[in-house]
Amino acid sequence: MSIGLRFTGKIDGPQALLEAAEVLAEERNYRLSAGESGLKVVMCPLGGELTVLWRPEGGESGPWQVRGGCVSTPAGAGLHRAAVELLDSLPIRALAVEDETGFFRHRNFQRMKEEHFYPWLRTLVDVCRQESGKGVLGMSLCWDLEQYAPEDIPDTVVTPMGRFRLSELVSMVDQGGIEPLAGRFFLWNGRTQDARFYRNRAINALWERCCFAPSCRSIEDAAVNGSILDDLERSAKLDPALPLPRGAYEEVCALAEREPALPAGPDLKEEFSPGYRKGMITHALGALRLTLPGSCLYQWEAWENGGAHLWSDASSDSPVWRVTGYRVREGEARFTDNLDRLNGVEGRELKGGALRWGWREVREDGEPLYQAVCEVIAGPALYLLTAACTGPEGLGQIAQTIGGISIVTNTARRETVQTQKE
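Position one of the sequence shown corresponds to residue 1 (this note's numbering), numbered consecutively onward.
In structure tokens form, the structure reads like this:
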């Protein structure tokens, strides 16, 4: 259930299209990436991108065929308008656009919102209305199921724009209509990148991306913290009367070692303070579910033959986790005998699999480390997890994390995706 547009057309060649897209991206403060077969213009978070793919009709001299599209939800009607206006400006001939909102034809922004985006949002509120008061867990709206899952809180819903009580969303619409909720739920609900756009972009980053770690910890922390502060300060300049998350702003200022610069103004008062990564979050690697502190940064650690998923927090003494996955060609995976030489080996059954783990003392750069090694089997998949800590007391934290490991079967995964799309 989404709103968007698709298009086809012709160009003289990729280079001319790419050069025009570069100019437009710079003018409008968009991000552009390109490859051999197409380009992507990112206009905002939450999938806010226009994709253009090309291929020659005959020879390399052209003409070339292009096709592409943009999915406008959950970012909002402002993204849809921006995508249409970007198409207007690109050198594409014989442009044919399939726009389910009709905006490409009639260009009536308010009509598009009232006829398409607001009914779409009302449908989500109706789902919340049906589940409110039932103590539901694990409910999310417009959440990317390929990324981490935040902690569960009964009768709440996880969204890219923050956590809400189900009853709160329902009462907001019942008492004030759909417009107030649209201004908070959609990242880009206005015609332009106005004060609400910058505030909502900061709110999304606070909830979804910010680790609430010092900017000096990593380049990623510095970039996220800085963008949040810049967006909130820009929002305040554009509309001093717009409520802002001032407590979170001051918290990030301290992390970035930056003097607060917001003028006096209203505070955005909400029950839950940003963000998801202040708590524990659950990562999905195939069927494996691993719950770690949200402050841990992720990276892919490349090896000579393969690599590992790695999570660490350089600002604390928390363990460094590595996970690699293997798959047997036939039958079910089995535990290896590599754990037999470890200390304190123990195992347990999981729904859909099993695990075994133990620990050993190792030395790195002459310093002693304690390393836990865990194997998890799930059907034909074998997952190898290691966690290193500096002292024996860290093994207790590691044991607690291993105790929370679970397996999600393919059937359950499909049911989850289906539920989110209904």
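All C-beta atoms, glycine included, are put in the ideal place defined by N, C-alpha and C. Keep in mind that this is a model prediction, so the values were computed, not measured.
Write down every uninterrupted run of the alpha helix (DSSP H) in the stretch 108 to 132 whose length is 4 residues or greater and which is fully enclosed by it, in chain order. 109 to 112, 118 to 131
Cβ-Cβ distance between residue 126 and residue 138 below 8 Å: Position 126 of the sequence shown holds residue 126. Position 138 of the sequence shown holds residue 138. Contact flag unset, no.
Smallest Cα separation from residue 268: which of 259, 241, 324? As a position in the sequence shown, residue 268 is number 268, starting the count at 1. That would be 241, whose Cα lies nearest to the Cα of residue 268.
Could you please give the first and the last residue of the uninterrupted alpha helix (DSSP H) stretch that includes residue 368? For this step, residue 368 is matched to residue 368 along the sequence shown. Looking at the DSSP string, residue 368 is not in any alpha helix (DSSP H); the run it does join, the beta strand (DSSP E), is 367 to 378.
Given that a residue counts as buried once 16 or more other Cβ atoms are within 10 Å of its Cβ, and exposed if not, what is residue 143? Locating residue 143 in the sequence shown gives position 143, counting from the first residue. With 16 or more other Cβ atoms within 10 Å, it is buried.
So, does the stretch 159 to 171 touch the stretch 268 to 284, judging by three or more C-beta pairs under 8 Å? These segments touch.
Inter-residue Cα distance where the pair is residue 9 and residue 373: Taking the sequence shown and counting its residues from 1, one reaches residue 9 at position 9. Taking the sequence shown and counting its residues from 1, one reaches residue 373 at position 373. Roughly 55 Å between the two C-alpha positions.
Taking the alpha carbon of residue 112 as the point to measure from, which residue in 88, 78, 134, 330 has its own alpha carbon closest? Here residue 112 corresponds to residue number 112 of the sequence shown, with the count starting at 1. Ranking 88, 78, 134, 330 by Cα distance to residue 112 puts 78 first.
Same chain, Cβ closer than 6 Å to residue 98, five either side skipped, listed in chain order: Against the sequence shown, residue 98 aligns to sequence position 98. These residues qualify, in order along the chain: 6.
Rounded to the nearest angstrom, what separates residue 424 and residue 11 at their Cα positions? Summary: the structure shown does not reach residue 424, with the chain confined to residues 1 through 422, and so no result is reported for it.
Residue 156 to residue 130 span [Cα, whole Å]: The residue you call residue 156 lines up with position 156 of the sequence shown. The residue you call residue 130 lines up with position 130 of the sequence shown. Straight-line Cα distance between these residues: approximately 13 Å.
So, do the stretch 313 to 330 and the stretch 176 to 193 have three or more beta carbon pairs nearer to each other than 8 Å? no
Compare the C-alpha of residue 55 against each of 45, 67, 46 and name the closest. Here residue 55 refers to the residue found at position 55 when the sequence shown is read from its first residue. Nearest option by C-alpha distance: 67.
For residue 299, I'd like the list of residues in its chain whose CB is within less than 7 Å of its CB, leaving aside the five on either flank, ordered along the chain. Taking the sequence shown and counting its residues from 1, the one referred to as residue 299 is at position 299. A distance below 7 Å between beta-carbons, with the five flanking residues on each side excluded, links residue 299 to the following residues of its chain, in chain order: 310.
Give me the residue from 158, 31, 146 with the minimum Cα distance to residue 275. The sequence position of residue 275 within the sequence shown is 275, counting from 1. The shortest C-alpha separation from residue 275 is found at 158.
For residue 422, three-class secondary structure by DSSP: Stepping through the sequence shown from its first residue, residue 422 is reached at position 422. Low confidence applies here, because residue 422 scores a pLDDT of 35, under 50, leaving its location unreliable; read the following figure in that light. It is coil, neither helix nor strand.
Neighbourhood of residue 375 by C-beta, 8 Å cutoff - its chain only, sequence neighbours within 5 removed: Along the sequence shown, read from residue 1 onward, the residue named residue 375 stands at position 375. Cβ within range, chain order: 335, 336, 338, 339, 355, 356, 357, 382, 383, 384, 385.
Boundaries of the alpha helix (DSSP H) in which residue 180 is found, first to last residue: Your numbering for residue 180 matches position 180 in the sequence shown. 178 to 185 is the span of the alpha helix (DSSP H), which, as asked, contains residue 180.
If we ignore side chains and look at the alpha-carbon of each, how far apart do residue 220 and residue 50 end up? Indexing the sequence shown from 1 puts residue 220 at position 220. Indexing the sequence shown from 1 puts residue 50 at position 50. Each residue's Cα considered, the two are about 25 Å apart.
Rounded distance between the beta-carbons of residue 38 and residue 23, thought under 8 Å: Counting from 1 along the sequence shown, the entry for residue 23 is found at position 23. Counting from 1 along the sequence shown, the entry for residue 38 is found at position 38. Incorrect: roughly 18 Å between the Cβ atoms, too far for contact.
Measure the alpha-carbon distance for residue 288 versus residue 1 and round it to whole angstroms. What you label residue 288 is simply residue 288 of the sequence shown in a count that begins at 1. What you label residue 1 is simply residue 1 of the sequence shown in a count that begins at 1. Rounded to whole angstroms, residue 288 to residue 1 spans 28 Å at the Cα level.
Which of helix, strand or coil DSSP assigns to residue 238: Position 238 of the sequence shown holds residue 238. Looking at residue 238 - three-state DSSP - the assignment turns out to be helix.
Please report the residue range of the alpha helix (DSSP H) in which residue 395 lies. Counted from its first residue, the sequence shown places residue 395 at position 395. In the DSSP assignment, residue 395 falls within the alpha helix (DSSP H) that extends over 394 to 403.
For residue 313, tell me which candidate among 218, 252, 369, 345 has the shortest Cα-Cα distance. The residue labelled residue 313 in the question sits at position 313 within the sequence shown. Per the Cα distances, 218.
Flag this pair as yes or no: are the beta carbons of residue 353 and residue 378 separated by less than 8 Å? If you number the sequence shown from 1, residue 353 lands on position 353. If you number the sequence shown from 1, residue 378 lands on position 378. For residue 353 and residue 378, yes; Cβs fall inside 8 Å.
What are the complete alpha helix (DSSP H) segments, minimum 4 residues, inside the stretch 50 to 106? 77 to 89, 103 to 106
Do residue 44 and residue 187 count as a contact pair if the criterion is CB distance below 8 Å? Numbered from its first residue, the sequence shown carries residue 187 at position 187. Numbered from its first residue, the sequence shown carries residue 44 at position 44. Inclusion of residue 187 and residue 44 in the CB contact set at 8 Å is warranted, their separation being smaller than that value.
Please report how far the alpha carbon of residue 279 lies from the alpha carbon of residue 62, in whole angstroms. Position 279 of the sequence shown holds residue 279. Position 62 of the sequence shown holds residue 62. The alpha-carbon atoms of residue 279 and residue 62 are separated by roughly 54 Å.
Would residue 342 and residue 370 be called neighbours here (beta carbons separated by less than 8 Å)? As a first step, residue 342 must be located in the sequence shown, where it is residue number 342. As a first step, residue 370 must be located in the sequence shown, where it is residue number 370. Not in contact: residue 342 and residue 370 (Cβ atoms no closer than 8 Å).
Reduced DSSP secondary structure (H/G/I, E/B, other) of residue 358: As a working mapping, residue 358 is identified with position 358 in the sequence shown. The answer is strand: DSSP assigns residue 358 an E or B state.
How is residue 278 classed by DSSP in three states: helix, strand or coil? Start at 1 with the first residue of the sequence shown, and residue 278 comes out as number 278. Helix, per DSSP.
Can the beta-carbon of residue 42 be found closer than 8 Å to that of residue 35? On the sequence shown, residue 42 is found 42 positions in, with the first residue counted as 1. On the sequence shown, residue 35 is found 35 positions in, with the first residue counted as 1. Not in contact: residue 42 and residue 35 (Cβ atoms no closer than 8 Å).
Consult DSSP for residue 14 and reduce its assignment to one of helix, strand or coil. Against the sequence shown, residue 14 aligns to sequence position 14. Of the three classes helix, strand and coil, the one that applies to residue 14 here is helix, per DSSP.
Please classify residue 299: does DSSP put it in a helix, a strand, or coil? As a first step, residue 299 is located in the sequence shown; it is residue number 299 there, counting from the start. Assignment of residue 299 by DSSP, reduced to helix, strand and coil, places it in the strand class.
Which term fits residue 326, buried or exposed, when burial requires 16 or more other beta carbons within 10 angstroms of its beta carbon? For the purposes of this step, residue 326 is identified with residue 326 of the sequence shown, where counting begins at 1. Counting the other Cβ atoms within 10 Å of the Cβ of residue 326 gives fewer than 16, which makes it exposed.
Which residues in the same chain as residue 420 place their Cβ atom closer than 6 Å to its Cβ, once the five residues preceding and following it in sequence are excluded? Counted from its first residue, the sequence shown places residue 420 at position 420. Low confidence applies to residue 420: its pLDDT is 38, below 50, so where it sits in the model is not reliable, and the reading given next is rough at best. If we look at residue 420 and ignore the five residues flanking it on each side, it has no Cβ neighbours.
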